[in-house]
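Novice:
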């Protein structure tokens, strides 16, 4: 009997407008061992390196942690089964051979501001003011995105 994982996506727009970032998939169940790709579309102009596309994962009961930054770079300690890509204005996170422990909320993140410090993030439906600590991965927000 295969186990199923529930994957959901939350949008974070670092800057003025959450509406510029759209998820392209509803929450879904994925069988363990399968490959799944979740994607977001950025409607605020060209999605490029200047937007620093990144992904975070929040396992229930834990703070979110960064999985991918600069479109496709994994921080140390993140398993190779996680990969990021970008095509045009769509950014994607692929989990190859998903494990039960990958059941989580996944955050789609884009920088839309003109500064790297003291801007606002959107975390799900809540707006929080955060201090962006260091480009492009580290940020601090108790209960939102944890420092890594």
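Numbering (the UniProt record's numbering), first residue to last: 1 to 148. By construction, the Cβ of each residue, glycine as well, lies at the ideal position given by its N, Cα and C atoms.
1) Kindly identify the DSSP beta-bridge partner or partners of residue 94.
2) So, for residue 86: in the same chain, excluding its five sequence neighbours on each side, which residues have a beta-carbon less than 8 Å away from its beta-carbon?
3) What are the start and end residues of the beta strand (DSSP E) that includes residue 69?
4) What residue from 57, 98 and 43 has the CA that sits closest to residue 33's CA?
5) Going by beta-carbon coordinates alone, are residue 58 and residue 105 separated by less than 7 Å?
6) Which two residues bound the contiguous beta strand (DSSP E) that contains residue 104?
7) Under the rule that 16 or more other beta-carbon atoms within 10 Å means buried, what is residue 115, buried or exposed?
8) Comparing alpha-carbon positions, which option in 88, 102, 61 and 60 lies nearest residue 80?
9) Just to check my reading of the structure: residue 60 and residue 69 have Cβ atoms closer than 8 Å, yes? What is that Cβ distance to the nearest angstrom?
10) Near residue 55, what residues of its chain come up, given a Cβ to Cβ distance below 7 Å and the 5 sequence neighbours on each side ignored?
11) Closer than 6 Å by C-beta to residue 37: which residues in its own chain qualify, once you throw out the five before and the five after it? Chain order, please.
12) With burial defined as no fewer than 16 other Cβ atoms inside 10 Å of the residue's Cβ, what is the status of residue 30: buried or exposed?
13) Can you give me the Cβ contacts of residue 35 inside the same chain, cut-off strictly under 6 Å, excluding the 5 residues immediately before and after it?
Specialist: By the coordinates alone:
1) 37 and 83
2) 47, 53, 71, 72 and 92
3) Run containing residue 69: none; DSSP gives neither H nor E here.
4) 98
5) yes
6) 104-111
7) Confidence at residue 115 is low in this model, with a pLDDT of 47, below 50, so the placement of that residue should be treated as unreliable; the coordinate-derived value is given next. It counts as exposed.
8) 102
9) The Cβ separation is near 23 Å, so there is no contact.
10) 67, 68, 84, 93, 106, 107, 108 and 109
11) 92 and 94
12) buried
13) 96
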